[in-house]
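S.K.: Before I ask anything, let me first share the structure, which is written out below as structure tokens.
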Amino acid sequence: MRLPSLGPEPNYTALGNSDSESQSHTSFVANLRARLRPFFLCFSAIVSLGFVAWVVLAPIEERPAKQAVCTSPPIRREWRALTLTEKHDFVRAIQCISKTPSARDGNLTIYDDIAVLHGGIGSWCHRSACFLPWHRNILAIIEKILKDRCHYRGSMPYWDWSLDWMNLANSSIWDHATGFGGDGDKDGPETVGEGRCVTDGPFTELRPVIYNHTRTVHCLSRGFRDGDIKGRLSGEKFSPENVGSILRLGNYTDFLQRVERDLHNTLHTSINGDFKAMTAANDPLFFLHHANLDRLWWRWQRENPSVRLFEYSGRHMYNSTGPASDGDVLMYGGFTNDLPVREVMSTEGRQLCYTY
């Protein structure tokens, strides 16, 4: 069952500079607002009668309370720094929300809610200034959900892929017992995003219900690819040398563009399957990938905090026409509070409280 599109197919692609891409983007911006309302109405009718309520009217259940001072921020750690018990606790919590019904749509789970949110409103915060703050805040919300709903005892982990860049496909992150399972079954049928069912690891029973604009119940899918070579992942972009060159960039716009193009997009379009689409949160590895991107932003900010904790520039959202400011609003469609960018520029403020 195909759902109406908001614009260009929202697969992850590298930032481009061609005239055709610029014209495509201009057309997209001009038509997006007019097309937005019909999209939500159609999505409501096709996916569930309650979706409009989810997007616009639903009560917000997961509101992190603001705190006066962040005095003892928990430390987010690299996946390999967790004990086996801590790893199992995170996996258990992810499995828990994948079985917990959504309060907004009885046909979905909380886990599906996250993928729908990222594939909808979240897609507007790609190729734009809000990419880093939008994801920073939603990761904090997801961490809170894991704790409140499923009694997770830790903080959001991250995957530092620069440790694996020379042989990314053989990283321990793919281990069936201590990681997230590996590539899709090379002998199995193709499912979504040029991927195949993951048949090892703790998430073989995941059944996401949405892929991009389409309602299609499917297995967690991956399809490792390095150019034309299947089963391999390109690691050059994740080398310490390349990551270091990004961290040395002097302004937010240049830093953001390289983070999104080199690090974010490359992994999404190498893993494929669920990771290839804007509903990439169908794959639990999404959280660790974005936590590492957030960690790099955190590191970049710490190099010059008096400037970089306030530096925010570019085009706020994909459909914005004016320059970005830290007073621009990050939108979450009723899943959690909308809030100004300035509230999440620091990981140790009134809204957020964690460190790396």
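Per the UniProt record's numbering, the sequence shown starts with residue 1, numbered consecutively. For each residue, glycine too, the CB sits at the ideal point set by N, CA and C.
#1: In this structure, does DSSP put Pro340 in helix, strand or coil?
#2: According to DSSP, Tyr332 sits in a beta bridge with which residue or residues?
#3: Select from Pro74, Met317, Leu288 and Arg80 the residue whose C-alpha is nearest the C-alpha of Trp124.
#4: Relative to the alpha-carbon of Leu309, which residue among Val341, Ser245 and Ile138 has its alpha-carbon at the smallest distance?
#5: Can you tell me whether Ser72 is buried or exposed, with buried defined as 16 or more other CB within 10 angstroms of its CB?
#6: Counting only runs of 3+ residues fully inside the region 203 to 277, write out the beta strand (DSSP E) ranges in chain order.
#7: Please report the straight-line C-alpha distance between His176 and Asn170, rounded to a whole angstrom.
#8: What is the rounded straight-line gap between the Cα of Leu206 and the Cα of Ile138?
#9: Can you say whether Met345 is buried or exposed, counting buried as having 16 or more other CB atoms within 10 angstroms of its CB?
#10: Whose C-beta lies closer than 7 Å to the C-beta of Val91 among residues of the same chain, with five residues either side of it excluded?
#11: Take every Cβ of the region 127 to 146, pair it with every Cβ of the region 285 to 305, and state whether three or more of those distances are shorter than 8 Å.
#12: With C-beta atoms as the reference, is Asp262 less than 8 Å away from Lys237?
#13: Give the DSSP-derived three-state secondary structure of residue 393 in the structure shown.
#14: Under 7 Å Cβ to Cβ from Thr178, same chain only, skipping five residues before and after it: list those, please.
#15: If you draw a straight line from the alpha carbon of Glu343 to that of Gly349, how long is it in whole angstroms?
#16: Can you give me the C-alpha to C-alpha distance between Ser102 and Ile114, rounded to a whole angstrom?
#17: Mind checking who Glu348 pairs with in its DSSP beta bridge?
#18: The alpha helix (DSSP H) with Phe286 in it runs from where to where?
#19: Touch check for the region 218 to 232 and the region 188 to 198: three-plus C-beta pairs under 8 Å?
#20: Going residue by residue through the region 104 to 144, where are the continuous alpha helix (DSSP H) segments of at least 4 residues, counting only ones entirely within it?
#21: Should residue 392 be labelled buried (16 or more other beta-carbon atoms within 10 Å of its own) or exposed?
#22: With hydrogens ignored, establish whether the beta-carbon of Arg80 is closer than 7 Å to any heavy atom of the ligand FAD.
#23: How many angstroms separate the CA atom of Thr279 from the CA atom of Leu220?
#24: Less than 7 Å between C-beta atoms, sequence neighbours within five positions excluded: which residues of the same chain meet that for His151?
#25: Excluding five sequence neighbours on each side, which residues of the same chain lie with their C-beta closer than 6 Å to the C-beta of Glu311?
#26: Quick one: what's got a C-beta closer than 6 Å to Gly188's C-beta in the same chain, skipping five residues either side?
#27: Could you check the C-alpha separation between Thr214 and Ala281 for me, to the nearest Å?
#28: Inspect the beta-carbon positions of Ile75 and Thr266 and report whether they are closer than 8 Å.
#29: Looking only at C-alpha atoms, which of Pro305, Met166 and Thr199 sits nearest to Pro240?
#30: Where does Arg308 fall in DSSP's three states?
#31: Determine the direct distance from the alpha carbon of Trp298 to that of Trp159, and round the result to whole angstroms.
#32: Since Asp160 is in the alpha helix (DSSP H), which residue starts that stretch and which ends it?
#33: With Ile97 as the anchor, note down where its alpha helix (DSSP H) starts and where it stops.
#34: Measuring alpha carbon to alpha carbon, tell me which residue in Thr204, Ile94, Tyr111 and Trp161 is nearest Arg153.
M.R.: This is what the structure holds:
#1: On the sequence shown, position 340 is the one that residue 340 refers to. Pro340 falls in the strand class under three-state DSSP.
#2: Within the sequence shown, numbered from 1, the residue matching residue 332 stands at position 332. Bridge partners of Tyr332: none, in fact.
#3: Locating residue 124 in the sequence shown gives position 124, where the first residue counts as 1. Nearest option by C-alpha distance: Met317.
#4: Working through the sequence shown from its first residue, we reach residue 309 at position 309. Proximity to Leu309 across Val341, Ser245 and Ile138 peaks at Val341, based on C-alpha coordinates.
#5: To locate residue 72, count along the sequence shown from 1; it is residue 72. Ser72 should be labelled exposed.
#6: Restricted to the region 203 to 277, not a single beta strand (DSSP E) segment is unbroken, complete and at least 3 residues in length.
#7: For the purposes of this step, residue 176 is taken as residue 176 along the sequence shown, with counting starting at 1. For the purposes of this step, residue 170 is taken as residue 170 along the sequence shown, with counting starting at 1. When rounded, the distance between both Cα atoms is 12 Å.
#8: Taking the first residue of the sequence shown as 1, we reach residue 206 at position 206. Taking the first residue of the sequence shown as 1, we reach residue 138 at position 138. Whole-angstrom Cα-Cα distance: 21 Å.
#9: Mapped onto the sequence shown, residue 345 falls at position 345. Counting Cβ neighbours within 10 Å, Met345 comes out buried, since at least 16 surround it.
#10: Against the sequence shown, residue 91 aligns to sequence position 91. Excluding sequence neighbours, Val91 sits near Pro202.
#11: Counting C-beta pairs with one atom in each stretch, the region 127 to 146 and the region 285 to 305 have three or more that are closer than 8 Å, which means they touch.
#12: As a position in the sequence shown, residue 262 is number 262, starting the count at 1. As a position in the sequence shown, residue 237 is number 237, starting the count at 1. Yes, the Cβ-Cβ distance between Asp262 and Lys237 is below 8 Å.
#13: What is shown of the chain runs 1 to 356, which leaves residue 393 out entirely.
#14: Sequence index remark: in the sequence shown, residue 178 carries index 178 (1-based). Within the same chain, Thr178 has close Cβ partners Leu84, Lys87 and Ser172.
#15: Position 343 of the sequence shown, counting from 1, holds the residue named residue 343. Position 349 of the sequence shown, counting from 1, holds the residue named residue 349. Distance between the alpha carbons of Glu343 and Gly349: 8 Å.
#16: Taking the sequence shown and counting its residues from 1, the one referred to as residue 102 is at position 102. Taking the sequence shown and counting its residues from 1, the one referred to as residue 114 is at position 114. If I take the Cα positions, the gap works out to 10 Å.
#17: For the purposes of this step, residue 348 is identified with residue 348 of the sequence shown, where counting begins at 1. Answer is Cys353.
#18: The residue given as residue 286 occupies position 286 in the sequence shown. Going by DSSP, Phe286 is part of the alpha helix (DSSP H) stretching over Leu285 to Arg302.
#19: Put simply, the region 218 to 232 touches the region 188 to 198. At least three CB pairs are less than 8 Å apart.
#20: Fully enclosed alpha helix (DSSP H) runs of 4 or longer: 110 to 119.
#21: Outside the shown range of the chain (1 to 356) lies residue 392, about which nothing can therefore be said.
#22: The ligand FAD is absent from the structure shown, which contains no ligands of any kind.
#23: As a working mapping, residue 279 is identified with position 279 in the sequence shown. As a working mapping, residue 220 is identified with position 220 in the sequence shown. Near 12 Å, if we compare the C-alpha coordinates of Leu220 and Thr279.
#24: Translated into the one-based positions of the sequence shown, residue 151 becomes position 151. Result list for His151: empty, nothing under 7 Å.
#25: Residue numbering aside, residue 311 sits at position 311 when the sequence shown is read from its first letter. Within the same chain, Glu311 has close Cβ partners Tyr252.
#26: Walking along the sequence shown from the start, residue 188 turns up at place 188. Counting only residues of its own chain and dropping the five nearest sequence neighbours on each side, Gly188 has a CB closer than 6 Å to the CB of Arg196 and Cys197.
#27: Here residue 214 refers to the residue found at position 214 of the sequence shown. Here residue 281 refers to the residue found at position 281 of the sequence shown. Put simply, the backbone Cα of Thr214 is about 15 Å away from that of Ala281.
#28: Translated into the one-based positions of the sequence shown, residue 75 becomes position 75. Translated into the one-based positions of the sequence shown, residue 266 becomes position 266. No, the Cβ-Cβ distance between Ile75 and Thr266 is not below 8 Å.
#29: The sequence position of residue 240 within the sequence shown is 240, counting from 1. If we check each option's Cα against that of Pro240, Met166 comes out closest.
#30: Translated into the one-based positions of the sequence shown, residue 308 becomes position 308. Arg308 falls in the helix class under three-state DSSP.
#31: Numbered from its first residue, the sequence shown carries residue 159 at position 159. Numbered from its first residue, the sequence shown carries residue 298 at position 298. Answer to the nearest angstrom: the Cα atoms are 15 Å apart.
#32: Here residue 160 is taken as the residue at index 160 of the sequence shown, counted from 1. Asp160 -> no alpha helix (DSSP H), and no H or E assigned at all.
#33: The residue labelled residue 97 in the question sits at position 97 within the sequence shown. Run containing Ile97: Leu84 to Ile97, per the alpha helix (DSSP H) assignment.
#34: The residue given as residue 153 occupies position 153 in the sequence shown. When the alpha-carbon of Arg153 is set against those of Thr204, Ile94, Tyr111 and Trp161, the nearest one is in Ile94.
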